[in-house]
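K.L.:
Pasting a structure here, questions to come.
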Amino acid sequence: MLKGFMWLMIFLVIGNLLQTMFSLPVVGSVLGMLILFMVLIARQRSSRSMAVAASHLIHYFTLLILPSAAGLFFLGTTLTDNWLKLLIAIVLGTLISSVVTLLTMQAMVRWQQRRDDAAGTS
Amino acid sequence: MNLQALAHEMMATPALAVVITLAAYMLALSLHQWMRYPSWAPPMLTGSLMLAFFIVVLPINYDTYYLDAHWLTLLLGPATVGLAIPLYEQFQHIKRLLIPVTVSLVIGSITACAATLSIAWALGLSPAILASLAPKSITTPIAIGVSEGLGGYPGLTAGIVTVTGILAASTIPPLAAILRCQDPRVIGLALGLNGHGLGTARGFGIDPQTGAFASLAMGLNGALSAIVLPLLAGWLNR
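Those protein sequences? They're chains A and B, same order as listed. According to our numbering, the first sequence holds residues 1 to 122 in order. According to our numbering, the second sequence holds residues 1001 to 1238 in order.
Below you can see the structure in the form of structure tokens.
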């Protein structure tokens, strides 16, 4: 648990350093996640110690996000002036992308099926 | 000691901020359980409402609270890094469907962001609000990170992401029925890509394969968007 936690913190520090060094528009934690993901793909296996630490932390995501989430109620006029426009953008945008995703994946799964069938019969 | 001095004393340490965060979280979990896990009222929504209520009634303002709560939110860093582990584990399962998943992911991910942003832009919303909207379909910890990086409001992003998740989780299954998509892999991918954690929870409620694909789509979409959105924003701002 502690060993895995230390490694997650090390990747976080690396991510933070990269963000500062190259003044990237992505926060260090997200960079750290991407780097760890690439390291795991490169060495082709997961890390048990990190998996244990990560599952404990991920279990409490909602708790860790609450302080930021409550900020929604303290935005004042930014929210009260724009909530209807925001809601329209969210509802329409989500409906459009949901339909597009469903149709694309449906077409792609059928394409793969035809390809597998063709490979199987030839 | 008068009341005002006592209030001042209470605010001098981060303990109060931590206590009200934990209390709001545990109350939200109990409420969720008591209401039999409704997908339209996730603990994130009810918990942040209760937390906001505590901040309003106690002699503390949001900015002070947020600084003090850093004692807890610091752990969001290693937790976000840790998302790489389940993502890697799921990545192992899709090798056979690599092309369909990759193509759908790229198209869906771009549509989720572009459709929303162009509507928001046409309605005349400010750049900071657009930055808060851009990561609306990705899992909250990554979305908050992306929003901060782009100059958005993290609180607004958390709210937008929650609303998007509720919406996607409740509309995708009926939409799939209308469009005659019955394949659990198709419904799963759409749920995870558009509705992140809340969509994934809905997917596991349908069947395990739908849930597995939702979970995969959520992780890959988060990773992809974390790379693409900042690059896109940098290019647009040039």
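Glycine residues also receive a C-beta, built at the ideal position from the N, C-alpha and C atoms. Just so it is clear, the structure is predicted and the values come from calculations on it, not from any experiment.
#1: So which of B:V1186, B:L1220, B:L1027, B:S1147 has the shortest CA-CA distance to A107 (chain A)?
#2: Does any C-beta atom of chain A lie closer than 8 Å to the C-beta of P1230 (chain B)?
#3: For I1119 (chain B), count neighbouring Cβ atoms within 10 angstroms of its own Cβ and tell me buried if that reaches 16, exposed if not.
#4: Which chain B residues sit within Cβ distance under 8 Å of T104 (chain A)?
#5: Which residue spans inside the segment 1145 to 1226 of chain B form an unbroken alpha helix (DSSP H) run of at least 4?
#6: Kindly indicate which three-state DSSP category F22 (chain A) falls into: helix, strand or coil?
#7: Does the separation of the CB atoms of Y1088 (chain B) and L63 (chain A) fall below 8 Å?
#8: Could you tell me whether the Cβ of D1207 (chain B) comes closer than 8 Å to any Cβ of chain A?
#9: Given a threshold of 16 other Cβ atoms within 10 Å of its Cβ, counted over all protein chains shown, does F22 (chain A) qualify as buried or as exposed?
#10: For the alpha helix (DSSP H) holding S46 (chain A), just list the boundary residues, first then last.
#11: Would you mind sorting L17 (chain A) into buried or exposed? The rule is 16 or more other CB atoms within 10 Å of its CB.
#12: Can you say whether Q19 (chain A) is buried or exposed, counting buried as having 16 or more other CB atoms within 10 angstroms of its CB?
#13: At which residues does the alpha helix (DSSP H) containing F74 (chain A) begin and terminate?
#14: Please go through the segment 56 to 109 of chain A and give each complete beta strand (DSSP E) segment of 3 or more residues, from N-terminal end onward.
#15: Looking at chain B, which residues of the segment 56 to 70 of chain A have a Cβ within less than 8 Å of any of its Cβ atoms?
#16: In whole angstroms, what separates the C-alpha of T77 (chain A) from that of W83 (chain A)?
#17: Short of 6 Å in beta carbon distance, which residues of its chain neighbour A1214 (chain B), apart from the five on each side in sequence? Order them along the chain.
#18: Give the single residue among B:Q1092, B:N1002, B:A1005, B:P1184 whose Cα lies nearest to the Cα of P1208 (chain B).
#19: How is R1036 (chain B) classed by DSSP in three states: helix, strand or coil?
#20: In this structure, how does DSSP classify I1085 (chain B) when only helix, strand and coil are distinguished?
#21: Going by beta-carbon coordinates alone, are S49 (chain A) and V1081 (chain B) separated by less than 8 Å?
#22: Using DSSP with H/G/I as helix, E/B as strand and the rest coil, what is M1050 (chain B)?
#23: Check whether the Cβ atoms of S1132 (chain B) and L1156 (chain B) sit closer than 8 Å, and answer yes or no.
#24: Apart from the five residues on each side of it in sequence, which residues of its chain come closer than 6 Å, Cβ to Cβ, to L1220 (chain B)?
#25: Does G1124 (chain B) come out as helix, strand or coil in the three-state DSSP assignment?
#26: Can you give the beta carbon distance from G1152 (chain B) to A1128 (chain B), rounded, assuming they're within the 8 Å contact cut?
#27: When you compare only the Cα positions, how much space is there between L8 (chain A) and I58 (chain A)?
#28: Roughly how many angstroms lie between the CA atoms of L75 (chain A) and Y1062 (chain B), to the nearest whole one?
#29: Are there 16 or more other CB atoms within 10 angstroms of the CB of G1159 (chain B), so buried, or fewer, so exposed?
#30: Indicate, with yes or no, if the ligand MN has a heavy atom lying under 7 Å from the CB of G1159 (chain B).
P.N.:
In terms of the structure at hand:
#1: B:V1186
#2: yes
#3: buried
#4: V1103, S1104, I1107, G1108
#5: 1154 to 1178, 1184 to 1206
#6: coil
#7: no
#8: no
#9: exposed
#10: Careful: S46 (chain A) lies outside any alpha helix (DSSP H) and carries neither H nor E.
#11: exposed
#12: buried
#13: F74 (chain A) -> no alpha helix (DSSP H), and no H or E assigned at all.
#14: none
#15: L57, I58, Y60, F61, T62, L63, L64, I65, L66, P67, S68, A69, A70
#16: 10 Å
#17: G1188, L1191, G1192, G1199, T1200, G1203
#18: B:P1184
#19: coil
#20: helix
#21: no
#22: helix
#23: yes
#24: L1105
#25: coil
#26: 6 Å
#27: 12 Å
#28: 10 Å
#29: buried
#30: As far as ligands go, the structure on display features none, and thus does not contain the ligand MN.
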